[in-house]
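Keeping their order, the protein sequence lines are chains A and B.
Under my numbering, the first sequence has 127 at position 127, and the numbering climbs by one with no breaks.
Converting from the second sequence to my numbering requires adding 349 to each position, the first position being numbered 1.
There are 2 protein chains.
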Amino acid sequence: MDHSSPHTRKKNAVTIIDVARESGVSYSTVSRVLSGFEYVSDDTRERVLAVAKRLGYVANLQARSLAGGRSNVVGVLVPGLDNGYIIEVTRGIDEELNRQGYSLMLYTTHQQHGKETQFVSAIANGLCDGLLLVVPVVPDDYLDVLQQRKFPYVLVDQADSTRRHNSICSTNWQGAYDATQHLINLGHRQIGIITGRMDLSSGIERLEGYKSALATHDIALDERLIYPGDFFQPTGYTGGHHLLGLPTPPTAIFAGNDLMAFGVLQAAGERGVRVPDDLSVVGFDDIPYSVMMHPRLTTVRQLLDEMGRVAVQMLLKHIEQPESTPHHITLDTQLIVRESSAPPRHLKK
Amino acid sequence: MDHSSPHTRKKNAVTIIDVARESGVSYSTVSRVLSGFEYVSDDTRERVLAVAKRLGYVANLQARSLAGGRSNVVGVLVPGLDNGYIIEVTRGIDEELNRQGYSLMLYTTHQQHGKETQFVSAIANGLCDGLLLVVPVVPDDYLDVLQQRKFPYVLVDQADSTRRHNSICSTNWQGAYDATQHLINLGHRQIGIITGRMDLSSGIERLEGYKSALATHDIALDERLIYPGDFFQPTGYTGGHHLLGLPTPPTAIFAGNDLMAFGVLQAAGERGVRVPDDLSVVGFDDIPYSVMMHPRLTTVRQLLDEMGRVAVQMLLKHIEQPESTPHHITLDTQLIVRESSAPPRHLKK
DNA sequence: ATTTTCTCTGCAAGCGTTTGCATCACACAT
DNA sequence: ATGTGTGATGCAAACGCTTGCAGAGAAAAT
Chain A
1 MDHSSPHTRK
11 KNAVTIIDVA
21 RESGVSYSTV
31 SRVLSGFEYV
41 SDDTRERVLA
51 VAKRLGYVAN
61 LQARSLAGGR
71 SNVVGVLVPG
81 LDNGYIIEVT
91 RGIDEELNRQ
101 GYSLMLYTTH
111 QQHGKETQFV
121 SAIANGLCDG
131 LLLVVPVVPD
141 DYLDVLQQRK
151 FPYVLVDQAD
161 STRRHNSICS
171 TNWQGAYDAT
181 QHLINLGHRQ
191 IGIITGRMDL
201 SSGIERLEGY
211 KSALATHDIA
221 LDERLIYPGD
231 FFQPTGYTGG
241 HHLLGLPTPP
251 TAIFAGNDLM
261 AFGVLQAAGE
271 RGVRVPDDLS
281 VVGFDDIPYS
291 VMMHPRLTTV
301 RQLLDEMGRV
311 AVQMLLKHIE
321 QPESTPHHIT
331 LDTQLIVRES
341 SAPPRHLKK
Chain B
350 MDHSSPHTRK
360 KNAVTIIDVA
370 RESGVSYSTV
380 SRVLSGFEYV
390 SDDTRERVLA
400 VAKRLGYVAN
410 LQARSLAGGR
420 SNVVGVLVPG
430 LDNGYIIEVT
440 RGIDEELNRQ
450 GYSLMLYTTH
460 QQHGKETQFV
470 SAIANGLCDG
480 LLLVVPVVPD
490 DYLDVLQQRK
500 FPYVLVDQAD
510 STRRHNSICS
520 TNWQGAYDAT
530 QHLINLGHRQ
540 IGIITGRMDL
550 SSGIERLEGY
560 KSALATHDIA
570 LDERLIYPGD
580 FFQPTGYTGG
590 HHLLGLPTPP
600 TAIFAGNDLM
610 AFGVLQAAGE
620 RGVRVPDDLS
630 VVGFDDIPYS
640 VMMHPRLTTV
650 RQLLDEMGRV
660 AVQMLLKHIE
670 QPESTPHHIT
680 LDTQLIVRES
690 SAPPRHLKK
């Protein structure tokens, strides 16, 4: 009838006090050995560390961060786990965090804007030492709160024109330019594009890169060849069908990202349009599945995991020195030519 | 010269005491309103809640769980983020956790067995209220620790023959049986298999299902058609090449999971073996990319995200009632027939 | 009218850390 | 010998919360 006490799970835990008792010093000394590493004599340090190890002591995170120390937890805010691109970045983040002895708290916004609660919690909670914002768009007032609280954070894959924040992103403009130029060099003149979300800097910049490449090569911009997308596969699919269904369909399509390129591939397949014979397709991101497609996808490689890793490094640096001025890093993209792009039909014979 | 005090970030935080002062009750009453919901008069509760809302109060997790309450954090232990299957499960977990007002702490083992530290931390830390183990193999002694500490946990996608643990998995045997039978019914007799990791119950069961289906239909087992895999794409690729390079190659290949099936598709493509004309391929999992492949992959659908969701529900139930006896849930699989499987060549004409 | 029971509230003791301050011993310069 | 600085240590006060215990009324039972 009678159940266990509410504190059941508290048992067994080795605390700093146990270590102190066992090694014959005060618990504050133990604390200093474990975190501060200052003003402790060498033999005391060694003795304490030995005991801690022997007892299997593991610091209690809540206590530590409650008392004002580090929790060694970093919060990662992502829109959702339904996107290869996000996964890749997160993978890089995770790896680096691991390497540096940090834990990862995952907050997903699920595209619901009301989910900012999570965000607030993340900082108000005080659980995290810092925040990695991989979400497409962050309301300015939230960033203001972060700044004002001097809470360390890094914007990942967001062009921060104001240079007010720590941020990292890729050369989206250049990548799109390269991709488009690649198609032009192959001989294509009718080049369609399925854009990314136009409320995101990456979406905008990629479209601009596309336009610039056309302009540089004196190809008139045809608005009908621009299909507005959202970075998700289904849009690539419908967009592909739409473009291929035009009176004079494009001979090449540049998709704003790989996922949408996959959709184009699928639409082409259904219409009996052969890639790359009848249609060239180029993507953006180079997520792992790009190379598994048939034909393997020509795309613009972003070092997504690298982006995650570097973001972590920036963040940790910022955690060390909260007063340091914001940095911005841009990662180069690279055109990866595979089998989904080729010269247009009329040039082949 | 002089830097900010170490406690800089502590400012601004609204504590339970502020709420208490503002609403004219003691802080313990506030605490009871916020977490206990017991023995508080209706109007006190309302008043406190109103004030809390107005002040934008958010409970401090560390303090709460330090003091013995719930942290509303669940730890999720995964091998890594490089696997569509894991992603899907995690996605389900994440969604359900979100819905239930929990946060997700992600621990990746990165296949390094030394990474059990993470594991120990997760519980010793006391940060998490419970643990979801999505990792392929968990040493028994760890599970013993969990049991002994009465720490809530659920094994995800692990056949727990002992029924000692809370666990959830799919009908791996049946799924493999169905897949193989599907190929047999199409007329295939030479059916190759690329197995999963044989130290995992899912790998073993799928192989058994394959064998049983063959036996039921009086097809002799040919050991040469069994290629040992590991659930990753490259192995599917090499396995595909290997099987297709045999003197009498199989007319169909059942891959232990979709990722390996993708590898087979790629190998077939390189060899000029056409799918499904010359070779039928069936996968397992039905990760989102399966439908993006060309040809679209016939596979055994596991409700991976559902598995994650249900796992969360089991865990939360167990957190509520730590003394409850372990449950086990099995989720049905479903054969999804798409274009990568067809009757063998010789039957077609 | 008195006792018992019950609902509600407050007090205070922790939870396991970090860290400012005080203390102490020792060496060094005076 | 006395003073001064310095490295090493300990004490105790937070950090923000939960919860056992006790007390205060009010309602119910005697």
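Backbone N, C-alpha and C fix where the C-beta goes; we use that ideal spot for every residue, glycine too.
The structure presented is a predicted model; accordingly, all values stated were derived computationally and were not measured.
CB of residue i within 8 Å of CB of residue j, strictly
| i | j | result |
| --- | --- | --- |
| V363 of chain B | L653 of chain B | no |
| A616 of chain B | L593 of chain B | yes |
| D506 of chain B | S551 of chain B | yes |
| H438 of chain A | I184 of chain A | One cannot answer for residue 438 of chain A here, as it falls past the ends of chain A, which runs 1 to 349. |
| A610 of chain B | G588 of chain B | no |
| P644 of chain B | E688 of chain B | yes |
| G605 of chain B | F580 of chain B | yes |
| G84 of chain A | L335 of chain A | no |
| L143 of chain A | L455 of chain B | no |
| R650 of chain B | T682 of chain B | yes |
| H328 of chain A | R163 of chain A | yes |
| I93 of chain A | L132 of chain A | yes |
| V135 of chain A | T109 of chain A | yes |
| D627 of chain B | T648 of chain B | no |
| H182 of chain A | V33 of chain A | no |
| S341 of chain A | P276 of chain A | yes |
| I319 of chain A | G130 of chain A | yes |
| T529 of chain B | T679 of chain B | no |
| V613 of chain B | I543 of chain B | yes |
| G578 of chain B | Q523 of chain B | no |
Residues near residue i by beta carbon distance below 8 Å, same chain, minus five either side
| i | result |
| --- | --- |
| Q111 of chain A | P79 and G80 |
| P6 of chain A | The predicted position of P6 of chain A is uncertain, since its pLDDT is 35 and thus under 50; a value taken from the coordinates is nonetheless stated next. Taken in chain order, the list of residues that qualify is empty. |
| M547 of chain B | I553, L556 and P577 |
Beta-carbon proximity list for residue i, same chain, < 6 Å, skipping 5 on both sides
| i | result |
| --- | --- |
| L574 of chain B | G541 and P599 |
| F151 of chain A | I123 |
| V379 of chain B | I365, V368, A369 and V397 |
| A401 of chain B | V368 |
Span of the beta strand (DSSP E) around residue i
| i | result |
| --- | --- |
| R149 of chain A | Careful: R149 of chain A lies outside any beta strand (DSSP E) and carries neither H nor E. |
| G424 of chain B | V422 to V427 |
| Q158 of chain A | First-last for Q158 of chain A: undefined, no H or E at that position. |
| L106 of chain A | S103 to T108 |
| Q683 of chain B | Q683 to I685 |
| H676 of chain B | Note, H676 of chain B: premise wrong, no beta strand (DSSP E); not H, not E. |
| D634 of chain B | S629 to D634 |
| L133 of chain A | G130 to L133 |
| R301 of chain A | T298 to R301 |
C-beta neighbour in chain A for residue i, strict 8 Å
| i | result |
| --- | --- |
| V686 of chain B | no |
| R440 of chain B | yes |
| R358 of chain B | Because the pLDDT of R358 of chain B is 40, which lies under 50, any placement of that residue in the model is unreliable, and the number read from its coordinates should be weighed accordingly. Yes, R358 of chain B counts as interfacial toward chain A. |
| T457 of chain B | yes |
| V483 of chain B | no |
| L426 of chain B | no |
| H677 of chain B | no |
| S550 of chain B | no |
| G618 of chain B | yes |
Among the options, the one whose alpha carbon lies nearest that of residue i
| i | options | result |
| --- | --- | --- |
| R694 of chain B | B:N421, B:L535, B:L504 and B:E572 | B:L535 |
| L315 of chain A | A:A52, A:N72 and A:Q62 | A:N72 |
| L66 of chain A | A:L207, A:L127, A:G283 and A:K211 | A:L127 |
| H591 of chain B | B:S372, B:A564 and B:E619 | B:E619 |
Residue i: first and last residue of the uninterrupted alpha helix (DSSP H) it sits in
| i | result |
| --- | --- |
| G209 of chain A | S201 to T216 |
| A52 of chain A | D42 to L55 |
| D178 of chain A | N172 to L186 |
| A255 of chain A | Run containing A255 of chain A: none in the alpha helix (DSSP H); it sits in the beta strand (DSSP E), A252 to A255. |
| F611 of chain B | D607 to R620 |
Beta carbon proximity, residue i to chain B, threshold 8 Å
| i | result |
| --- | --- |
| F232 of chain A | no |
| Y289 of chain A | yes |
| L61 of chain A | yes |
| S23 of chain A | no |
| H318 of chain A | no |
| L265 of chain A | yes |
| D82 of chain A | yes |
| M105 of chain A | yes |
| L55 of chain A | no |
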